[in-house]
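Residue numbers for the sequence shown follow this note's numbering, beginning at 1137 and rising by one.
Even glycine gets a Cβ: it sits at the ideal position worked out from N, Cα and C.
First up is the structure itself, then whatever we jot down about it.
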Amino acid sequence: SMVAMVTPLNEEGAVDWSALEGLVEHHISQGTDGIVSVGTTGESATLDHEEHGEVITRTVKVVAGRIPVIGGTGANSTTEAIALTQRAVDAGVDACLLVVPYYNKPPQEGLYQHFKAIAEAVATPQILYNVPGRTAVDMHNDTTVRLAEIDNIVAIKDATNDLDRGRDLIARCPSDFAIYSGEDGSACELMLAGGKGTISVTANVAPQLMHRMCQAAVLGHADEARALNNQLEDLHKAMFLESNPIPAKWALEQQGLIGGRIRLPLVSLSEQYHDRVRSAMHRAGIL
């Protein structure tokens, strides 16, 4: 269970470094297996480059080697993605997560050349991230299989929510290329099919339960994994009642772990959803 960790903000809208440190310690104490710093859930779209680099740097420093840290360093400009990736490597990350370029809609060959160029420019383990619902472009499995042949491209976060596609990747990619889920609702089944874990939004709010579910699923203990996932099912849905990370930040505020500040153009969770998120938290036993 790797958490796509939120970036806490103070009342002035700046990064809340004290809360960030507290979140890191909370995740380590609760069994989270790895932290993804400044992914989508970390509001990468509205952090400037200096903030982006500093959040990753401070996360690495607080973790101090106790669990892996993965830096979110993707961009829709290849040169920008290389620069962000190099800075994260200089900060000491264990790997980088690189989202499919968004908005400019490159063809499949463009996607291949983009990720190949980053892999050749920065010698660090790299995880591809396919999330067509956000990027407006879908990296086909054939392209992923090609990229899996590059030595330091070691995994993919598959957020297509298509289990058949995930199973196809597991079957066709090299055995040392990891398939991680990027969709909490289907993560359990992907892991039971051979996936190696999940990069999770739900893990922000229920880290211990997500760790236990993932551990059972990766070990192939299907009954146990599905029973734990059943406790989490409502929470998986609640975390996407509005755009991520709006519900996750609201839920963390209810737990007293962060303030609820979020950057425009995102806004706080609509009041109409408060009871549904609270109910999901109660069912998961975390409120």
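Buried or exposed: where does residue i fall if 16 or more other Cβ atoms within 10 Å of its Cβ makes it buried?
| i | result |
| --- | --- |
| Q1262 | buried |
| H1347 | buried |
| P1401 | exposed |
| Y1239 | exposed |
| N1366 | exposed |
| P1237 | buried |
| T1296 | buried |
| G1208 | buried |
| H1250 | buried |
| S1379 | exposed |
| H1163 | buried |
| P1243 | exposed |
| S1336 | buried |
| G1149 | exposed |
| G1201 | exposed |
| A1211 | buried |
Taking the DSSP output, what are the residues bridged to residue i?
| i | result |
| --- | --- |
| C1324 | For C1324, which the question treats as bridged, DSSP gives no partner whatsoever. |
| A1374 | Answer by DSSP bridge pairing: none, since A1374 is not bridged. |
| V1139 | I1171, S1336 |
| Q1262 | C1232, I1289 |
| Y1316 | K1293, G1333 |
| L1145 | V1151 |
Tell me, to the nearest whole angstrom, how far the beta carbon of residue i is from that of residue j; I am working on the premise that it is less than 8 Å.
| i | j | result |
| --- | --- | --- |
| G1175 | R1223 | Not quite, the Cβ-Cβ distance comes to about 15 Å (not below 8 Å), so this is no contact. |
| G1318 | V1267 | 6 Å |
| I1254 | T1280 | Between T1280 and I1254 the Cβ distance is about 15 Å, and since that is not below 8 Å, they are no contact. |
| V1225 | V1191 | Contact flag wrong, Cβ pair sits at about 15 Å. |
| V1196 | G1228 | 5 Å |
| I1203 | G1170 | 5 Å |
| A1361 | A1352 | 4 Å |
| L1345 | L1364 | 6 Å |
| V1273 | K1241 | 5 Å |
Report all residues from its chain with a CB closer than 8 Å to the CB of residue i; omit the five preceding and five following residues, and keep chain order.
| i | result |
| --- | --- |
| D1312 | V1290 |
| I1315 | A1291, I1292, D1294, G1302, L1305, I1306, C1309, L1326, G1330, G1331, K1332 |
| I1398 | L1145, E1179, P1381, I1382, K1385, S1404 |
| R1414 | Q1390, L1423 |
| T1221 | G1207, T1209, C1232, L1234, I1254, A1257, V1258, T1260, Q1262 |
| N1277 | R1301, D1304, L1305, R1308 |
| K1252 | L1283, I1286 |
For residue i, collect the residues of the same chain with a Cβ closer than 7 Å to its Cβ; drop the 5 residues on either side in sequence, then sort them by chain order.
| i | result |
| --- | --- |
| H1372 | D1320, G1321, T1338 |
| V1354 | M1327, K1332, G1333 |
| C1350 | S1137, M1327, G1333, T1334 |
| N1288 | A1255, A1259, T1260, P1261, Q1262 |
| S1406 | E1378 |
Hey, would you say the C-beta of residue i is under 7 Å away from at least one heavy atom of the ligand FAD?
| i | result |
| --- | --- |
| C1232 | With respect to the ligand FAD, the structure shown offers nothing to examine, as it has no ligands at all. |
Measuring only between beta-carbons, confirm whether residue i sits less than 8 Å from chain B.
| i | result |
| --- | --- |
| M1349 | Looking at the structure shown, chain B is missing, and only one protein chain is on hand. |
For residue i, I'd like the list of residues in its chain whose CB is within less than 6 Å of its CB, leaving aside the five on either flank, ordered along the chain.
| i | result |
| --- | --- |
| R1419 | D1370 |
| L1423 | M1417 |
| T1177 | A1140, V1142, V1337, N1380, P1381 |
| A1155 | P1144, I1394 |
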